[in-house]
Amino acid sequence: MQPSQDSSGRLLLSGNEAVALAALHCGVALGTGYPGTPSTEILESFSALGGKAQWAPNEKVAAEVALGAAFAKARVMCTMKHVGLNVAADVLFTMTYSGVDGGYVLIVADDPGMASSQNEQDSRRYAEAAVAPMFEPADSQDAYDLLKVAFETSQRWQIPVIFRLTTRVCHSKSPVKPRFAIGAKLTAADTGAPTPDFVRNIQQRVMVPGHAKPAGRRLRAKIVEIENWNNTTGPQCVERRGAELGIVVAGISYHHAREAAPEASILKLGMTYPLPMQAIRDFVSSVKRCLVIEENDPWLAAACRAAGLKVEAKDDTIFRFGELSVDRVKRIVAGDSSPEPIPMRGKPPELCVGCPHRSSFEVMKELDCIVSGDIGCYTLAALPPLAAMDMMIDMGAAVGMGLGLRHVLPREQAKRVVSVIGDSTFLHGGLPGLVEMAYNTPSTGHVLVILDNGTTAMTGQQEHPGTGRQLDGSATYQVSFENLARAAGIRNVATVNPVRERAKFKDTLAEALGKDELSVIIARSPCILAAGRIAAWEKEKAAAAKTAADTPPAEGCGCGCGCQS
Amino acid sequence: MNSSAKPTTATTNVRFAGLGGTGVIKASDIFADVVFRLGNETKKAEVHGMSQRGGSVQSDVRFGSEVNSPMIPDGACDFLVVMEPTQIEVVRGGLRAGGTLITPAEIDTAKLPTSKALNVAMLGRLSRCFDFPVEVWQASLRANFPAKLHEANDKAFALGRG
Chain A
1 MQPSQDSSGR LLLSGNEAVA LAALHCGVAL GTGYPGTPST EILESFSALG
51 GKAQWAPNEK VAAEVALGAA FAKARVMCTM KHVGLNVAAD VLFTMTYSGV
101 DGGYVLIVAD DPGMASSQNE QDSRRYAEAA VAPMFEPADS QDAYDLLKVA
151 FETSQRWQIP VIFRLTTRVC HSKSPVKPRF AIGAKLTAAD TGAPTPDFVR
201 NIQQRVMVPG HAKPAGRRLR AKIVEIENWN NTTGPQCVER RGAELGIVVA
251 GISYHHAREA APEASILKLG MTYPLPMQAI RDFVSSVKRC LVIEENDPWL
301 AAACRAAGLK VEAKDDTIFR FGELSVDRVK RIVAGDSSPE PIPMRGKPPE
351 LCVGCPHRSS FEVMKELDCI VSGDIGCYTL AALPPLAAMD MMIDMGAAVG
401 MGLGLRHVLP REQAKRVVSV IGDSTFLHGG LPGLVEMAYN TPSTGHVLVI
451 LDNGTTAMTG QQEHPGTGRQ LDGSATYQVS FENLARAAGI RNVATVNPVR
501 ERAKFKDTLA EALGKDELSV IIARSPCILA AGRIAAWEKE KAAAAKTAAD
551 TPPAEGCGCG CGCQS
Chain B
566 MNSSAKPTTA TTNVRFAGLG GTGVIKASDI FADVVFRLGN ETKKAEVHGM
616 SQRGGSVQSD VRFGSEVNSP MIPDGACDFL VVMEPTQIEV VRGGLRAGGT
666 LITPAEIDTA KLPTSKALNV AMLGRLSRCF DFPVEVWQAS LRANFPAKLH
716 EANDKAFALG RG
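So the protein sequences, as listed, match chains A and B. In this text, residue positions in the first sequence follow the working numbering: the first is 1, and each later residue adds one. In this text, residue positions in the second sequence follow the working numbering: the first is 566, and each later residue adds one.
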C-alpha cells in the first residue's frame, strides 16, 4: 500500500519507514539485521523500496556482514532491537577501534516499558562504553534527517555510529518531507555514498594488541573532534520560550515535554554521544531551573551532573520504569511523586487459534517435562492456561540452560528436562548449544525439541535460513535441522508433526526421555499465519523441481559456451 | 478514569481500540490518511508486536494545526472507537467528559457484507462526526485495500455512515 500523502508532498510515515526511506536516499548499499520488535519493519520497508536487505541468522553475523561491506567503503545499516545489540556487542566494541571506510550506522531500537521484550535495558550506555557516536531522533522527520547526518559523521570520521530509536519513534507515524520524490532515480552525487573499493590497511583492520593500542588512542582523539563539532555545528536545537524552566531532552520525550510544558525553553539534542556539553552548559545557565527529561536510566542527567551542571532529574523510584508520556512529564515537572493511576488490564496476547505450539506443549505437560524454553511465539506457552515453560532468558538459552539442569539435578528430575526452541531461534543462538550437547553430554543424556513452524513468527513471519527463502522471498539454500543434529553427532534424530501426529510425537518424546542418550526431535508444523504462504511456496518449489526433472538436457558440449557440438 | 482536562483546540484526539487481528490498526491508518490528506498535522501511535496474538490493541490518531506527542494524554480522547465489546470498560477511561464513544452496538452487523468489514463500518459511523468530504474517505479506503475488497468496503462504510 502506498504511504499516506498530503498535497504538499509530505508522507505520513512510521519512524521505521522513515529510516528505510532515508537509507535509500543516503545510498545504503546493504541493510542487514535480525527481526526484533520494534525494529523489524526497517529492513522490510527498505527491501520494498528496492534496497538490498538481508536477514542474518543473528545480530552478530548481521553486524559482521555489514562491517565487511563498510571496510569495502560501502554505506551500510545494521538493524536490531536492544537485546540484539547484546549479541552484536562483540563486533561493536572492536569495530570502533578499527573504524570503517564507508559509512556504518548500527540502528538499535529500545523498548521502554517492554511492549514486547524480555528486559528494559537502556542501549544509550553502549555508545559510551564502546565509544561510538550516537544519534537519537524524536520522530519520523527527525529520523529521516538525522540518518543523513549519521552517515556523514560515520564517513567523515571513519567510525561506526549508533542510531538509537525507541518503540514510540519506530511505530508512531508523523509527517516526513523527503529530499527526493518517491521513485526518484538517485546518483552517487545525490546520495553522497562512496563507490565500494578495497584498499589494504592491515594496521587499521587487524586488531592485534600492537595495532589496537594506537587505534584506541585514535578513537579517543576522534571522539574529542566529534564533540567539538557537536558543540558548534551539531544537530541540537534550542526552542526559546520562558527563562523560568529549561528542559534538556532527546528522542520521543521531546514531544511529550513540548506538550506538557508549553512555557518551557527546550534544548533538544540530536547527537547524544559525545554530548555537546558546552551547548548544554550554555543552555543550563540561561534558565532558572533546568530539568533533564529521559526514559529509563538517568544516564543523561548523570552525564550533565558529572560535568558539574546543576540539573534536576526524574524521581527514579517511580519514573525509571516504563515509557514516558505527556502526563508523566507533567508529573516530573511538578515534582509529583504521588502514586500514578493504575490502568485497567487489557487482554494479554495468547497463541493463535490453530497454532501448532499448543499441541506440542500439551504433550510436554502430559509427560511432566521440566521445560527449558526460549524466545518466540511459543514463549506464550509459559502463561496460563498452559503454564508449560519453566524458564526463558535469552536467544538460544534453552539448550544450555537445559544442559545445566541435567548436569546437577538428581536423576528422577534430570530425566524430565527438555530444551525447547523455535526454528529461527535455534539458528540464531541454539547452534553452539547443540555442539555443547554433544561435547559436554550429561550422564542422563538430553532431549532437544526444535519447534519448526517454518517462519520467524512472533516478529511478523519473516524468513530465516531454515525456510529456504531470503528476506525478499527469493529462493536460497534451505538449512536442514536434521542434518545439523546429525553433523553434531546426535544419533537419535526424529521428525514428527506435533499436530497431525500428536500420539507419535508423545511416544517419540517419551522414548527419548527414557534413554540416557542425546535426542533431537524436530516438531514440524507450519505457523497458522504463514501456512498459506508456505504451502504456495512448497507447491512452486515442487513444480520447479518437476520441470527441471522433465526437461531434457540441452544439446551442446557441456562447457557452458553455448556452442553446439 | 476521566480527568477534567479539556483537549487544546489545536489537537483532536481519536483512539481506536479492540483486540489484535481485527483491523483496529487498519482503521486507524485509514482515519489518519483521511485527516492527513485534508492538510492536518497528523500523528498516530500504536504498539506492534504481540497484540496480534489476540491481545488488546490501541491506536491513537491526533490531528489539528499542531500535534506534539503522538500518544493521547490520559482522559483526553475526543472520540473513542471500540471494535470489541469486551474492551469497552477497559478503555472507557480514556474518553474525556463529553467525548464520543462509538461501539459495534451502533452498527447493524447483520447487514455487514462480511464480519471482517466491521472496522470499515465503524469508520463509516465515525465519519458522521466530522465534516470531511465523503470522497476523501472513499479515496482513502481505495488506497488502503486491494481492489477485490472495494465493493464490500463501500457497502460497509455506507452501512456505518447511514
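Cβ coordinates follow ideal geometry from the N, Cα and C atoms, glycine included.
- Taking CB atoms only, V326 (chain A) has a neighbour in chain B less than 7 Å away.
- A residue is called buried once 16 or more other Cβ atoms fall within 10 Å of its Cβ, and Y477 (chain A), having fewer, is exposed.
- Y34 (chain A) sits in coil when the DSSP states are folded into three classes, being neither helix nor strand.
- A residue is called buried once 16 or more other Cβ atoms fall within 10 Å of its Cβ, and H82 (chain A) is buried on that count.
- Interface annotation, V655 (chain B): in contact with chain A, CB-CB separation under 7 Å.
- Taking a 10 Å sphere around the C-beta of T187 (chain A), we find fewer than 16 other C-beta atoms and assign the residue as exposed.
- Shown in chain order are the members of the segment 319-348 of chain A whose Cβ falls below 7 Å from a Cβ of chain B: S325, V326, D327, P341, M344, G346, K347, P348.
- One thing to note: T425 (chain A) has its Cβ within 7 Å of the Cβ of D374 (chain A).
- Shown here, Y273 (chain A) sits in a strand according to DSSP, grouped into three states.
- In this model, I202 (chain A) and A74 (chain A) are separated by some 18 Å (Cα to Cα).
- Residues of chain B whose Cβ lies closer than 8 Å to the Cβ of Q2 (chain A) are, in chain order, A708.
- Using a Cβ distance threshold of 7 Å, V646 (chain B) and L691 (chain B) count as a contacting pair.
- Residue pairing by DSSP places Q462 (chain A) opposite A:T456 in a beta bridge.
- Q623 (chain B) is bridged by DSSP to B:A582.
- The beta-carbon separation of D122 (chain A) and D297 (chain A), rounded to 4 Å, stays under the 8 Å limit for a contact.
- In summary, the residues of the segment 166-186 of chain A whose CB is separated from some CB of chain B by less than 8 Å are T167, R168, H171, S172, K173, S174, P175, in the order they occur in the chain.
- Here M344 (chain A) carries a coil assignment [DSSP, helix/strand/coil].
- The residue among B:N709, B:G663, B:P698, B:K681 with its C-alpha nearest the C-alpha of G585 (chain B) is B:K681.
- When rounded, the separation of the alpha-carbon atoms in V100 (chain A) and M80 (chain A) is 20 Å.
- For H255 (chain A), at least one C-beta of chain B is nearer than 7 Å to its own C-beta.
- Excluding residues up to 5 positions away in sequence, Q54, A56, A62, V65, A66, C78 lie with their Cβ nearer than 6 Å to the Cβ of T32 (chain A) in the same chain.
- Only those residues of the segment 360-392 of chain A whose C-beta falls short of 9 Å from the nearest C-beta of chain B are listed: C377, L380.
- Note that the segment 306-326 of chain A touches the segment 282-292 of chain A; at least 3 beta-carbon pairs, one per stretch, sit closer than 8 Å.
- Measuring C-alpha to C-alpha distances from A704 (chain B) to each of B:F722, B:N605, B:P635, B:R693 identifies B:F722 as the nearest.
- By a beta-carbon distance limit of 8 Å, K148 (chain A) contacts C26 (chain A). Their separation comes to about 6 Å.
- DSSP, reduced to helix, strand and coil, places S265 (chain A) within a strand of the structure shown.
- Beta-bridge partners assigned by DSSP to L106 (chain A): A:C78, A:I162.
- Annotated as proximal: D643 (chain B) and G664 (chain B), with beta-carbon spacing under 7 Å.
- Annotation: A723 (chain B) has no Cβ neighbours in chain A at a cutoff of 8 Å; minimum Cβ distance is about 22 Å.
- Taking 7 Å as the threshold, the shortest C-beta distance from R524 (chain A) to chain B does not fall below it.
- Residue environment: E538 (chain A) is assigned as exposed (fewer than 16 neighbouring CB atoms within 10 Å of its CB, all protein chains considered).
- The distance from the Cβ of E482 (chain A) to that of T467 (chain A) is about 15 Å, inconsistent with a contact at the 8 Å cut-off.
- A contact is defined here as three or more CB-CB pairs under 8 Å, and the segment 211-231 of chain A meets this definition with respect to the segment 123-143 of chain A.
- Any Cβ of chain B closer than 7 Å to the Cβ of L49 (chain A) would place that residue at the interface, and such an atom is absent.
- With respect to the C-alpha of M636 (chain B), the residue from A:A18, A:V105, A:Q118, A:T167 having the closest C-alpha is A:T167.
- Bounds of the beta strand (DSSP E) holding F644 (chain B) are 642-647.
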